[in-house]
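Undergrad: Chains as they are written, first to last, in numbering that gives the first Met the number 0: chain X, 0 to 77; chain P, 0 to 171.
Here a beta-carbon is modelled for each residue, glycine too, at the ideal position from N, C-alpha and C.
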Amino acid sequence: MRGNQSNQDTFDDLREELRGALSPLGRPELRRDLWPLMLRRLEKPPVGVPWFDWTLLALTGAALVFFPVLIPALLYHL
Amino acid sequence: MELLHRFAAGDPDAFESLFRRYQSDVYRWIVRIVRDPAAAEDLTVETFWRVHRAHETFHPDGNCVGWLRRIATNLALDHLRRQRPDVTLPDDIPAERQPDSAVQGETRVALRKAFAELPPRLRIVVQLRLVEDEPYKDIAESLGISLAAVKLRMFRGVRLLRKKLERGGVRP
Chain X
0 MRGNQSNQDT FDDLREELRG ALSPLGRPEL RRDLWPLMLR RLEKPPVGVP
50 WFDWTLLALT GAALVFFPVL IPALLYHL
Chain P
0 MELLHRFAAG DPDAFESLFR RYQSDVYRWI VRIVRDPAAA EDLTVETFWR
50 VHRAHETFHP DGNCVGWLRR IATNLALDHL RRQRPDVTLP DDIPAERQPD
100 SAVQGETRVA LRKAFAELPP RLRIVVQLRL VEDEPYKDIA ESLGISLAAV
150 KLRMFRGVRL LRKKLERGGV RP
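1) Note down, in chain order, every chain X residue with its Cβ under 8 Å from the Cβ of P:Trp48.
2) Check each candidate in P:His54, P:Lys150, P:Ala37 and name the one with the smallest Cα separation from P:Ala139.
3) Kindly list, in the order they appear in chain X, the residues whose Cβ is closer than 8 Å to that of P:Ala124.
4) Are the Cβ atoms of X:Leu21 and P:Val130 separated by less than 9 Å?
5) Residues in the same chain with beta-carbon distance under 7 Å from P:Ser141, minus the five sequence neighbours each way, listed in chain order, please.
6) Assuming X:Arg26 contacts P:Arg27 (C-beta within less than 8 Å), just tell me the rounded distance between them.
7) Identify the contact partners of P:Val30 in chain X, using a Cβ-Cβ distance below 8 Å as the criterion.
8) Using a cut-off of 7 Å between C-beta atoms, extract the partners of X:Gly19 located in chain P.
9) Scan the segment 47–77 of chain X for residues whose Cβ lies nearer than 7 Å to a Cβ of chain P and list them as they occur along the chain.
Okay, structure coming up:
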């Protein structure tokens, strides 16, 4: 309990210094309505993975299945 | 609350109402972590984008604000991690400061630099607790960790901050 109190006191001096360097923002107000931005985000088409990436992934998977000896080499390079 | 049930059922109007009701709260929470209004606006939109995508897993009887804060905190943490560690904190937010001596000014610069260098998972706790005075309980809930874990991060963050300051010849 005493230890906690001591920690709290130690934090208190740093708290003052920190608040001097980084002023507390309290309750900052939103500068504008973000709904138009949100609408734009909702209308953006989802990012798809190109067929080339899927092919590459499939080839890598197949290579690892048929040549498991490649796994340690791959892990090493990752 | 009826709105939350409608949102969980996928009603687009309910999502708009939810957005309008909570956008300020989410923004306020994020900007106090990232201390950059423009980034906080983008992260607020991203938070609601994730909320929108996850509406099927949303429990309308649960703690909506807690859920929003958890998503917002994770995104803010990712934002801090993406920042270069040598970039000091933005100072574009109006602050009421008294004119100070050169020594105090130097200490503040050193403190800001040391603080910006803290690992984000420690920095977020120190910032929310010591600067913004958020209760430990709310910080724990927003990070999805226990109260004890938050206090441990706080202790480690403060210790690291002191070490960095001492290394720079500053004793707060």
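TA: A quick look at the data gives this:
1) Taking the second sequence and counting its residues from 1, one reaches residue 48 of chain P at position 49. Chain X residues near P:Trp48: Met37, Arg40, Leu41.
2) By 1-based counting over the second sequence, the position of residue 139 of chain P is 140. Nearest option by C-alpha distance: P:Lys150.
3) In the second sequence, the residue the question calls residue 124 of chain P occupies position 125. Here residue 124 of chain P is Val; the residue named in the question, Ala, does not match the sequence. Residues of chain X passing the Cβ test: none, with the nearest at roughly 12 Å.
4) By one-based count along the first sequence, residue 21 of chain X stands at place 22. By one-based count along the second sequence, residue 130 of chain P stands at place 131. Going by C-beta atoms, X:Leu21 is nearer than 9 Å to P:Val130.
5) As a position in the second sequence, residue 141 of chain P is number 142, starting the count at 1. Within the same chain, P:Ser141 has close Cβ partners Arg68, Arg69, Thr72.
6) Within the first sequence, numbered from 1, the residue matching residue 26 of chain X stands at position 27. Within the second sequence, numbered from 1, the residue matching residue 27 of chain P stands at position 28. With 8 Å as the limit, X:Arg26 and P:Arg27 qualify as a contact, their Cβ atoms being about 6 Å apart.
7) As a first step, residue 30 of chain P must be located in the second sequence, where it is residue number 31. Those within 8 Å of P:Val30 in chain X are Leu24, Pro27.
8) Looking up residue 19 of chain X in the first sequence gives position 20. The contacting residues are Arg107.
9) none
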